[in-house]
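Only one structure is covered here, and it is reproduced in the block below.
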DNA sequence: ATCGAGAATT
């Protein structure tokens, strides 16, 4: 990272106070030999805090390891800021700390997405004569990735290696590789893997699995299998994760023969499919509409002694919903409860989505009300799903009420919530509401092009072409390249308003900007010229379409047929229409 | 005693 120096972070540890924490200095004698079983004693934050207070009053004090164990337990319950507070208390009480403790605190800050505070712990290591370890920097790197500071994360790894601060291990490399892969930089992760192969720290199965999985997720199964073969050649011991990634990748491409091969290959290596393996297959089948096959796989897994879990059931439920059989999904939901598998918020979201897709909004709303009764809590996806469903049936008033409820008592709206709202408002002509909301959102720095596509589309469809165009222009000023949908939406807007020259120049512009038009773009522009009876120019685009292997859709072809009926001479100008089987 | 990879929802 640029300008990285320990001095910079000196004396900037934020004091996080906690009113819950009040320390008592009187010591209780005779606690020597008292054993503390942190895991059994701590079930919630209150338990942790009160145990901490008992511990600091003991004489002699419990070892630092016990404090570490306590903090670790708190981290597993996601009480990161409380870990920091208790650590501050320990310091005030001058309770000795060690390397492990500092690493845990550093990690807590990183998990809070406060890598700035995490860096401010570094001077403590120096002051206390404690050496940094790979663990320290791995946590920091993870923290930087969590804040999407990819360059800083990679730079920190390089700095650690270059300045011999400590020898990066497989975990540190793996953390960087994983951070890169999860953000779409598979090739960079692959380069790092190659770098490791030539360096001192040889990649292990974790490192390979990260890249194998990323390649599979990219749909690049061939490269993933090549890497698998490299692993075999290098005698890297393959494991269940390796095969699960490959099986998932094959399922998502519908390569069921490959799935079978991988299954037998892994079993030959004494690696047995687990609940994750089976669930991936079940989900893949469900997504292809083959829910019966998925249920068959579920039976087989039970026969093999592998019990389906909540995720397996959720996949099946979603499979039925995708086929429009929400009632069957509901039955699975009830079976799940009978088997004492508690539905989670995703189960509810799947069912709510199922009901919405069948326009059974009342059912969806009812289910929303039931969520808290069963000890779950609606999340952002729940509300987004309901909002979409309510808009779908045109109940804009209900949508507004639900959004208000969300703002009052619900989870934080995200970009998807806002897209749904804007799309809904525009769709039903509530332009004022939409524009107001869009202006409110200006400071959020949303950088997802599909969000702007919704806005541009809404403005175009509501006669606000100039505003749409200025949002389009804004994209380049915030460094967000328009995608094929953005251009197509703009072109549609121009065509609706009869601005064919603008439509045409936008078509050329997208090509120049490295974003070639697709089938839809051409259909839109052909329809535009057709509706304005500009047959000869239309012909140019029909020709271009044919050259690029695109074809007309039914509605454009239908329009064309009507035009030909009224004006047969059009046929003379468009030989492509009959010679290339365009209808 | 602290840091790592794989499954489901809008």
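Residue numbers (our numbering): 1 to 583. Here a beta-carbon is modelled for each residue, glycine too, at the ideal position from N, C-alpha and C.
In this structure, 86 is the residue among 351, 188, 86 and 453 with its C-alpha nearest to the C-alpha of residue 53. For residue 393, the CB contacts under 7 Å within the same chain, skipping 5 residues up- and downstream, are 359 and 361 in chain order. The continuous alpha helix (DSSP H) containing residue 245 extends over residues 240-252. The DSSP-derived three-state label of residue 112 is coil. Contact check between the region 275-284 and the region 300-307: three or more CB pairs, one atom from each, fall below 8 Å, which counts as touching. Residue 378: not part of any alpha helix (DSSP H); DSSP gives it neither H nor E. Remark: C-beta atoms of residue 529 and residue 538 approach each other more closely than 7 Å. From the listed residues 441, 38 and 154, the smallest Cα separation to residue 191 is found for 154. The residues 449, 475, 513 and 515, in chain order, have a CB closer than 8 Å to that of residue 481 in the same chain once the five nearest residues on each side in sequence are set aside. Taking residue 390 as the centre and dropping the five residues before and after it, the same chain places the C-beta of 361, 398, 399 and 402 closer than 7 Å to its C-beta, in chain order.
The C-beta distance from residue 345 to residue 376 rounds to 5 Å, short enough to meet the 8 Å contact threshold. A residue is called buried when at least 16 other Cβ atoms come within 10 angstroms of its Cβ; residue 108 meets this threshold and is buried.
The shortest C-alpha to C-alpha distance from residue 209 to any of 373, 173 and 417 is the one to 173. Closest by C-alpha distance to residue 197, out of 215, 222, 230 and 178, is 230. A Cβ-Cβ distance of about 6 Å is found for the pair residue 36 and residue 62, placing them in contact under the 8 Å criterion. Around the CB of residue 89, 16 or more other CB atoms lie within 10 Å, so the residue is classed as buried. When rounded, the separation of the alpha-carbon atoms in residue 256 and residue 125 is 53 Å. Separation of residue 135 and residue 45 (C-alpha to C-alpha, rounded to the nearest whole angstrom) is 26 Å.
Assigned with DSSP and collapsed to three states, residue 413 falls in coil, not helix or strand. By the Cβ neighbour-count rule, residue 412 is exposed, with fewer than 16 other Cβ atoms within 10 Å of its own. By the neighbour-count definition (other C-beta atoms within 10 Å, threshold 16), residue 504 is a buried residue.
Taking a 10 Å sphere around the C-beta of residue 527, we find 16 or more other C-beta atoms and assign the residue as buried. Contact between residue 332 and residue 348 fails: their C-beta atoms lie close to 13 Å from each other, not under 8 Å.
Apart from sequence neighbours up to five positions away, the residues of its chain that approach residue 105 with a beta-carbon distance below 7 Å are 83, 84, 87 and 121, ordered along the chain. Cβ neighbours of residue 75 within its own chain (closer than 8 Å, five residues either side excluded): 83, 104, 107, 108 and 111. For the options 444, 472 and 445, the alpha carbon positioned closest to that of residue 455 is the one of 472.
Counting only residues of its own chain and dropping the five nearest sequence neighbours on each side, residue 485 has a CB closer than 6 Å to the CB of 453. Nearest neighbour of residue 428 by Cα position, chosen from 409, 457, 404 and 416, turns out to be 457. The three-state secondary structure of residue 448, taken from DSSP, is coil. Between residue 494 and residue 506 a beta carbon distance of about 7 Å is seen, short of the 8 Å cut, so the two are scored as contacting.
For the alpha helix (DSSP H) assignment, the uninterrupted runs of no fewer than 4 residues enclosed by the region 513-545 are, from N- to C-terminal side, 519-531. Ranked by Cα distance from residue 204, the options 236, 214 and 434 are led by 236. The C-beta of residue 259 has 16 or more other C-beta atoms within 10 Å across all chains shown, which makes the residue buried. If you ignore the 5 residues before and after residue 385, its C-beta comes within less than 7 Å of the C-beta of 349, 352, 353 and 356, all in its own chain and listed in chain order.
In the same chain as residue 177, and ignoring 5 residues on each side of it, the C-beta atoms closer than 8 Å to its own belong to 189, 192, 193, 207, 210 and 211, in chain order. DSSP places residue 287 within a helical segment (H, G or I) once states are collapsed to three.
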